[in-house]
Every structure is written in C-alpha cells, then in structure tokens.
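J.: Below is one structure. I have some questions about it.
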Amino acid sequence: MNIDFTATAIALTTFFGISALMALSLNLEYGVAGIPNFGQALFVSIGAYTAGWTYTRLLPLLAGQEILNPCGATLMEALQLRTAIMRQLPAVGLLNFAITLVVAALLGGIVGYLASYPALRLKREWYLALVLLVGSEIVRIIVRGYEPIICAHNGLSGIAQPFAWVSDSTQASILFAGLVLILAAAAYVYCERLVRSPYGRLLKAVRENDRMALSLGKRVPRIRAQVMFIGSAIAGVAGVLFVTNVGFASANDYVVALTLDVWVMVVLGGLGNNRGALLGALIVTILDRVTAIAAIQLDAFGANIEFNYVRFILFGVILLLMLRFRPQGLLPEPPQTTKAHEALHVGETCKLGTKSRQT
Amino acid sequence: MTRRNVILRIENVSKRFESLRAVDDVSLAVPEGHIVGLIGPNGSGKSTLLNVTSGVLRADAGRIIFDGQDIVHRSADEIFQLGLARSFQDPSLFFRMTVLDNILLPIKEQDGEDPIRAPLHRTWEKQEARFATVAAGALQRLDLDTHFDSLASDLSGGQMKLLELGRSLTSAPKMLLLDEPTAGIAPNLARNIFEQIEHLRRTRGLTFLIVEHRLGLLFDFVDQVYVMHLGRLIAHGPPADIAANAKVREIYFGE
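Protein chains in written order, with our numbering: chain A, -4 to 354; chain B, 351 to 605.
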C-alpha cells in the first residue's frame, strides 16, 4: 500500500477549491436568495464545454496554427497539436485559459439569467428546481449526441491545465492548485461582500417572502435573474477548473450526482453562510477523496465490493441527518447583514450609557 | 370645513374567485389625510379589496385611481413605488432577518441594492449609515430600539405589528393600507398602535385605509367607515352613524 501524500494533498487542495466555487455559487442562489437551483451540474458543464471549444478552436488560432476537426480523422493530430501548444507556448496557453474563464463565466451567467426568466415565473419555486434538474439532464444528453461540442459520447482529451508547460509535473500541479485557491478566495470575498450589503438584505427578503418583497416595491423577478447570472457565472468558472484539472471533457461528469454533491456541501456547511459553504466543500471533498482512495485500495486487495457506491450512501445519510437534527448547518447564517448594525451598537452605548442590553 | 382632495378612489371594482363574488361592484373614496375604516364580517371581501388595490391580486373590472393615476393594472411593486404601501393580516415580517434589516429594506433607491455596486462597500456605506440613523429614530418612536439587533421572529406579537407599521413608513409613503393592524395583540398595545397611526396622520399628513375588527377602538380614531357584506358595500358614513345603523347592526352583531 503506497499513497503519494504530496500528490494527494495537492489533488485534495485543487478539488477543494473547485468544490468551494460550486458551493459558494449554490449558497448565493439558494442559501441567500432562496432559488433552488437543482441544475448546478448544467452551469458547471457550461464551463467544461467552453473549455472544450476554446482548446480546439481558439488555442490553435492563437498559436497561429490550423484549426483541425478534433473528433474525426484528424483526432490524434488535433490532440497532439493542442498538447504541444500547451507544453511549449506558455503565453498562448495562459491567454487561452484566461479567455476560457471569462467566456465560461459570461456564458454560464447568460444561460442562468435566461433560465431564470421562464422558470421563475412558475408558481412554486420548487417547480423551478425540477425544471433545472430536468433541463440539466436534457443538455447533457444533447451534448452526448452532438459532436461539435466535445465530440459527443467520446469526450475530448488534452484539455490541459494552464501550467502544463512547467517541466516538473508536481510544480505544475502546485501552481494550478494555487490558482484554483486564489479564484476560490476571490469568489469567497466577492460573495461575502455581496451578502453583507443592502443587496444581500434584498436577497434574503426575496428568500423569506417574495410576495411581500414585491409589495415593498422590490423587483423580485429581476433580482432572481441577477442572482442566477452571478451564481451561474461562478459555476461556469468552476467548470473550467474542473475540466482542466481532469484534463478530459466528458458529458458524463455533469450528472445529477454532481448537483447533489454541491447540495450536500451547502446544507452541511450552513445555508446562507459563505464560510459554511467553504467548510461543507472541505468536508465533502475529504470524504470524496477518502472513499475514492479506499475504493482503489480495496480493489487492489481484490475485495469484491464496489466501494464507490458507499459515498452515495454516505452523502445521503449526511443530508438526512443534517436536515433532521441541524437544518441550519454546521455554521448557521449570521443574522446581521450590513455594518449599520455595528454603527447602531456604538451609538446605543453612548445614548443609553450603562443600561444593559437584554435579549 | 375644507374640502380635501381624494387620494384614493375605487370605482366599481369587482373580483371573483370562480363562482364567488369576493368583491362586487365596490366604489369608495378616501380623502387625503383621513383615517378611513373598512369593516365587515369575516369573508365579506375586505382583504380581497385591499389585495386588489395594492396590486397583489388583479381586479376583474373597475378602476382604481391613486394620487391621480389609474393603478388597476399596475403590479404590486409599481404601486408601492407610487407611495401606496400596505400591511398584511398575519404579521408578515422577514422573520429570519434583524429588526433593523426589516425596517431598512423598503427604503427606495438604495445605492447598495445595485448588484454591481453592492460589493464595493465604499459606494454605499455613507448612505446606509444615514438610513440607519433614520431607522433608529423610527424604532425609538415605536419603542423597539433596544431590539434592533434581534431577529424579527424573536419579537412579541405586538412588537411585530409595530415593526410592520414602522417598516411601511421608511419608504415615505403617501398612504397606507393596513389589514387588521391589531390582530392578535393585547388591548392596551392595540390602542398604542392606533395612537401611533393618529400621530402619523397628524405629523406627516398620511392617509390610512384600515381593516379592523376591534370596532370600539377603530371608531375612536377614524373619520369615516365603509361597511362590506358578502362582497358589497352596504353602508358608509361617520362612525357614530355606522354604530347606529340598523342594517350594520343586523349583519355585524346579529341584532
């Protein structure tokens, strides 16, 4: 039994950062704004498909090479070409990656925005959950059958991470893990500042009672569409990182199980709490990796059970236990939004002197 | 007596739910700066009329003129923006939000409500602090200032009603539609709420249309009363006349 601890730690860090982005996205949409997005896998997959497109069309273009059909007779040639570019031309690879991130965020955001329009007019918000769940599967099945996106069911390999040009592969993966962590941290800071603002207050109000928010002059459908844009843009970024991390784009990676994993993260960590989303992402990532390693090890010992399924049972049990015993999650939502609260605290102690505050 | 402008005019409004005529050809007028009561037994259509007026439901027929504009086909958020705010029958606060957040929320044109500016705290913090000072004043008048930090769900029933009233004020409305502002709270607090209403009318010139079941209390404060029964208006006049009206006594008190 030998486990490469350095490699495992780097892989864990990378997966954690990617999961954190997905969890922050869902926490904003559902935890804060109350939009039950059960199509998370769809928005993540948009990032992956975007990468599939840029790596096969934009990348050769940027490198001044001919664009080859990545799926047909020129499959091997196209694969060798993009692998060579990513290894030999750092500037082109990084530029292509940066463009991929931006396009994926925009595309994810636009699809989220558009999806929200018909769906949010449904009478019950849980209808939206179903529409997105089914929509996500429909898109996946279409992509599996439609060659131009990622070569249909064959998938697309050679979606290298942006530091593939670094000769030492450990260093390359450390750099990538660092980039993922930076993006996750940026998303955390952004979400946290967004939630702790009058806009965050607005989102919570829409979550608590949308009809009443409307009666208080708030444009609820537009607000929901905006949140779906922001959340889906973050999910799109996560998708790019996810696909470049595994190096292979396949529609089969973006199944409902991925959506459910993200839900487990958010429910476990605490709905409405960005730190909770990070904690949930960390725990789920560790459990996921541990079960994956256990499965490989058991397989090596010749055990006759499919340990991979244990994680589905495990996550299901976690979800049920949390909903039953601690629905607010490990880190509950902080009650205050803006700094106005702290300002009044200070003002109050001046005004009331020694009078103690009681709850 | 000076003639006042009519701020809200409801003309021949009807609303039916399948075969039920919830509101049947109702017309009424509320003069600016008045407190007008709307009474009637349960199921007489009072709340439906408020819902239609505030845009929560859409009228089947009729016109509603608020402050010179026909609002019958406007949505709830547009009607609110025009200055017609409302409260609901059940305490309808944002329960998992603080008292302060509840009262800050309805303020119009907040810089920090823009999703692009929201993460840039510097662009709205000053404005927010100004709003918070105003809100703190409002909370003090309602005797809720020590609770600004609590979740709305932690307040007592009476405090919730007061907060609801306070919340409808931070948007600086011209008129308030109140659906049973004293439902489910102690009698002395109920009077306190009506005193707050009277105070607001006097100091800010606000207009009120109030649905209320505590008639004794209501009649002490209103200028005129409309009575509904089975979706129709059956009487209208000053409280003393209504209290003496035989038809009203019959349907209301079973006399």
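Here a beta-carbon is modelled for each residue, glycine too, at the ideal position from N, C-alpha and C. Just so you know, these numbers come straight off a predicted model, no measurement behind them.
#1: Can you say whether Pro589 (chain B) is buried or exposed, counting buried as having 16 or more other CB atoms within 10 angstroms of its CB?
#2: Can you tell me which of A:Gly173, A:Leu170, A:Met223 and A:Thr1 puts its alpha carbon nearest to the alpha carbon of Pro113 (chain A)?
#3: DSSP state of Gly173 (chain A), grouped into three classes?
#4: Between the C-alpha atoms of Asn542 (chain B) and Glu514 (chain B), what's the straight-line distance to the nearest angstrom?
#5: Do the CB positions of Ala18 (chain A) and Gly264 (chain A) come within less than 8 Å of each other?
#6: If you follow the beta strand (DSSP E) that Val380 (chain B) is in, where does it begin and where does it stop?
#7: Apart from the five residues on each side of it in sequence, which residues of its chain come closer than 6 Å, Cβ to Cβ, to Leu7 (chain A)?
#8: Can you list the residues of chain A that Asp417 (chain B) reaches, using a CB-CB cut of under 9 Å?
#9: In chain A, which residues lie less than 9 Å from Arg446 (chain B) when you measure between Cβ atoms?
#10: Of all the beta strand (DSSP E) runs that stay within the bounds of the stretch 405 to 454 of chain B, which reach a length of 3 or more residues?
#11: Just the Cα atoms here: how many angstroms apart are Thr403 (chain B) and Glu548 (chain B)?
#12: Flag this pair as yes or no: are the beta carbons of Gly12 (chain A) and Val238 (chain A) separated by less than 8 Å?
#13: Tell me whether Ser111 (chain A) is buried or exposed, calling it buried when 16 or more other Cβ atoms sit within 10 Å of its Cβ.
#14: Interface residues of chain B around Arg188 (chain A) at Cβ under 9 Å?
#15: Return the first residue and the last residue of the alpha helix (DSSP H) that His549 (chain B) is part of.
#16: Looking at the unbroken beta strand (DSSP E) that takes in Asp256 (chain A), where does it start and where does it end?
#17: Give me the Cα-Cα distance between Leu443 (chain B) and Lys334 (chain A), rounded to the nearest whole angstrom.
#18: Could you compute how far the alpha carbon of Leu339 (chain A) sits from the alpha carbon of Asn452 (chain B)?
#19: Label Asp(-1) (chain A) either buried or exposed according to how many other C-beta atoms from any shown protein chain fall within 10 Å of its C-beta, with 16 as the threshold for buried.
#20: Tell me which residues of the stretch 488 to 517 of chain B have at least one Cβ-Cβ distance to chain A shorter than 8 Å, keeping chain order.
#21: Starting from Ser521 (chain B), find everything on chain A with Cβ-Cβ shorter than 8 Å and list it in chain order.
#22: Do Lys213 (chain A) and Asp570 (chain B) have their beta-carbon atoms positioned less than 8 Å apart in this structure?
#23: Can you have a look at Gln509 (chain B) and say buried or exposed, based on whether 16 or more other CB atoms are within 10 angstroms of its CB?
#24: Report yes or no: is there a C-beta of chain B within less than 8 Å of the C-beta of Met17 (chain A)?
#25: Rounding to the nearest angstrom, what Cα-Cα distance links Asp440 (chain B) and Ala533 (chain B) in this structure?
#26: Can you check whether the CB of Gly412 (chain B) is closer than 8 Å to the CB of Val422 (chain B)?
#27: Less than 8 Å between C-beta atoms, sequence neighbours within five positions excluded: which residues of the same chain meet that for Glu530 (chain B)?
#28: What's the gap between the Cα of Val39 (chain A) and the Cα of Leu236 (chain A)?
#29: In the DSSP assignment, find the unbroken beta strand (DSSP E) run with Glu361 (chain B) in it and report its ends.
#30: How about Ser369 (chain B): is its C-beta nearer than 8 Å to some C-beta of chain A?
#31: Looking at the structure shown, is Val161 (chain A) part of a helix, part of a strand, or coil, going by DSSP?
#32: Return the residues of the stretch 445 to 465 of chain B that lie within a Cβ-Cβ distance of less than 8 Å from chain A, sorted by chain order.
#33: Determine, using beta carbons only, whether Arg436 (chain B) comes closer than 8 Å to chain A.
#34: Classify Ser369 (chain B) as buried or exposed, calling it buried when 16 or more other Cβ atoms lie within 10 Å of its own Cβ.
#35: Thinking C-alpha only, which one of A:Thr78, A:Glu132 and A:Asn247 is nearest Cys146 (chain A)?
#36: Is the separation between the beta-carbon of Leu512 (chain B) and that of Val449 (chain B) shorter than 8 Å?
T.: Once the coordinates are examined:
#1: By 1-based counting over the second sequence, the position of residue 589 (chain B) is 239. Classification for Pro589 (chain B): buried.
#2: The sequence position of residue 113 (chain A) within the first sequence is 118, counting from 1. Measuring from the Cα of Pro113 (chain A), the nearest candidate turns out to be A:Met223.
#3: The residue you call residue 173 (chain A) lines up with position 178 of the first sequence. It is helical.
#4: In the second sequence, residue 542 (chain B) corresponds to position 192, counting from 1. In the second sequence, residue 514 (chain B) corresponds to position 164, counting from 1. For Asn542 (chain B) and Glu514 (chain B), the gap between their C-alpha atoms comes out near 14 Å.
#5: Sequence index remark: in the first sequence, residue 18 (chain A) carries index 23 (1-based). Sequence index remark: in the first sequence, residue 264 (chain A) carries index 269 (1-based). Cβ atoms of Ala18 (chain A) and Gly264 (chain A): closer than 8 Å.
#6: Walking along the second sequence from the start, residue 380 (chain B) turns up at place 30. Unbroken beta strand (DSSP E) run through Val380 (chain B): Leu370 to Pro381.
#7: Mapped onto the first sequence, residue 7 (chain A) falls at position 12. Short of 6 Å from the beta carbon of Leu7 (chain A), and not among the five residues preceding or following it, lie these beta carbons of its own chain, in chain order: Arg284.
#8: Here residue 417 (chain B) is taken as the residue at index 67 of the second sequence, counted from 1. Simply none; closest approach about 15 Å.
#9: If you number the second sequence from 1, residue 446 (chain B) lands on position 96. Listed along the chain, the chain A residues whose CB falls inside 9 Å of the CB of Arg446 (chain B) are Lys199, Arg202, Glu203, Gly267, Glu328 and Pro330.
#10: Correct list: 411 to 416 and 434 to 436.
#11: Here residue 403 (chain B) corresponds to residue number 53 of the second sequence, with the count starting at 1. Here residue 548 (chain B) corresponds to residue number 198 of the second sequence, with the count starting at 1. Straight-line Cα distance between these residues: approximately 22 Å.
#12: On the first sequence, position 17 is the one that residue 12 (chain A) refers to. On the first sequence, position 243 is the one that residue 238 (chain A) refers to. No, Cβ-Cβ distance for Gly12 (chain A) and Val238 (chain A) is not below 8 Å.
#13: Walking along the first sequence from the start, residue 111 (chain A) turns up at place 116. Buried.
#14: Counting from one through the first sequence, the residue named residue 188 (chain A) turns up at place 193. Contacts between Arg188 (chain A) and chain B, judged by CB atoms closer than 9 Å, involve Ala468, Pro469, Leu470 and His471 in chain order.
#15: Sequence index remark: in the second sequence, residue 549 (chain B) carries index 199 (1-based). Pro537 to Arg554 is the span of the alpha helix (DSSP H), which, as asked, contains His549 (chain B).
#16: On the first sequence, position 261 is the one that residue 256 (chain A) refers to. For Asp256 (chain A), there is no enclosing beta strand (DSSP E); the enclosing alpha helix (DSSP H) covers residues Val251 to Gly264.
#17: Taking the first residue of the second sequence as 1, we reach residue 443 (chain B) at position 93. Taking the first residue of the first sequence as 1, we reach residue 334 (chain A) at position 339. So the alpha carbons of these two residues sit roughly 21 Å apart.
#18: For the purposes of this step, residue 339 (chain A) is taken as residue 344 along the first sequence, with counting starting at 1. For the purposes of this step, residue 452 (chain B) is taken as residue 102 along the second sequence, with counting starting at 1. If you take the alpha carbons of Leu339 (chain A) and Asn452 (chain B), they lie about 15 Å apart.
#19: Taking the first sequence and counting its residues from 1, one reaches residue -1 (chain A) at position 4. Around the beta-carbon of Asp(-1) (chain A), fewer than 16 other beta-carbon atoms lie within 10 Å, marking it exposed.
#20: Result list: Asp495, Thr496, Phe498, Asp499, Ser500, Leu501, Asp504 and Arg517.
#21: The count along the second sequence starts at 1 and reaches residue 521 (chain B) at position 171. Listed along chain A, the residues sitting closer than 8 Å to Ser521 (chain B) by beta-carbon distance are Leu211 and Gly212.
#22: Against the second sequence, residue 570 (chain B) aligns to sequence position 220. Against the first sequence, residue 213 (chain A) aligns to sequence position 218. No. Outside cutoff.
#23: Indexing the second sequence from 1 puts residue 509 (chain B) at position 159. Per the 10 Å Cβ criterion, buried.
#24: By 1-based counting over the first sequence, the position of residue 17 (chain A) is 22. So, not an interface residue.
#25: By 1-based counting over the second sequence, the position of residue 440 (chain B) is 90. By 1-based counting over the second sequence, the position of residue 533 (chain B) is 183. C-alpha separation (whole angstroms): 8 Å.
#26: The residue labelled residue 422 (chain B) in the question sits at position 72 within the second sequence. The residue labelled residue 412 (chain B) in the question sits at position 62 within the second sequence. With contacts defined as CB atoms closer than 8 Å, Val422 (chain B) and Gly412 (chain B) qualify as a contacting pair.
#27: Within the second sequence, numbered from 1, the residue matching residue 530 (chain B) stands at position 180. In the same chain as Glu530 (chain B), and ignoring 5 residues on each side of it, the C-beta atoms closer than 8 Å to its own belong to Gln439, Val561, Glu562 and His563, in chain order.
#28: For the purposes of this step, residue 39 (chain A) is taken as the residue at position 44 of the first sequence. For the purposes of this step, residue 236 (chain A) is taken as the residue at position 241 of the first sequence. Val39 (chain A) and Leu236 (chain A): Cα-Cα distance of roughly 10 Å.
#29: Locating residue 361 (chain B) in the second sequence gives position 11, where the first residue counts as 1. Going by DSSP, Glu361 (chain B) is part of the beta strand (DSSP E) stretching over Val356 to Phe367.
#30: Reading the second sequence from its first residue, position 19 is the one you call residue 369 (chain B). For Ser369 (chain B), the answer is no, since every Cβ of chain A falls outside 8 Å of its Cβ.
#31: Taking the first residue of the first sequence as 1, we reach residue 161 (chain A) at position 166. Collapsing the DSSP output to three states places Val161 (chain A) in coil.
#32: Of all residues in the stretch 445 to 465 of chain B, those with a C-beta nearer than 8 Å to a C-beta of chain A are Phe445, Arg446, Met447, Thr448, Leu450, Asp451, Leu454, Leu455, Pro456, Lys458, Gln460, Asp461, Gly462, Glu463, Asp464 and Pro465, reading in chain order.
#33: Numbered from its first residue, the second sequence carries residue 436 (chain B) at position 86. For Arg436 (chain B), the answer is yes, since a Cβ of chain A falls inside 8 Å of its Cβ.
#34: Indexing the second sequence from 1 puts residue 369 (chain B) at position 19. Taking a 10 Å sphere around the C-beta of Ser369 (chain B), we find fewer than 16 other C-beta atoms and assign the residue as exposed.
#35: Within the first sequence, numbered from 1, the residue matching residue 146 (chain A) stands at position 151. Nearest to Cys146 (chain A) by alpha-carbon distance, out of A:Thr78, A:Glu132 and A:Asn247, is A:Asn247.
#36: Taking the first residue of the second sequence as position 1, residue 512 (chain B) is located at position 162. Taking the first residue of the second sequence as position 1, residue 449 (chain B) is located at position 99. No, these two residues do not count as a Cβ contact at 8 Å.
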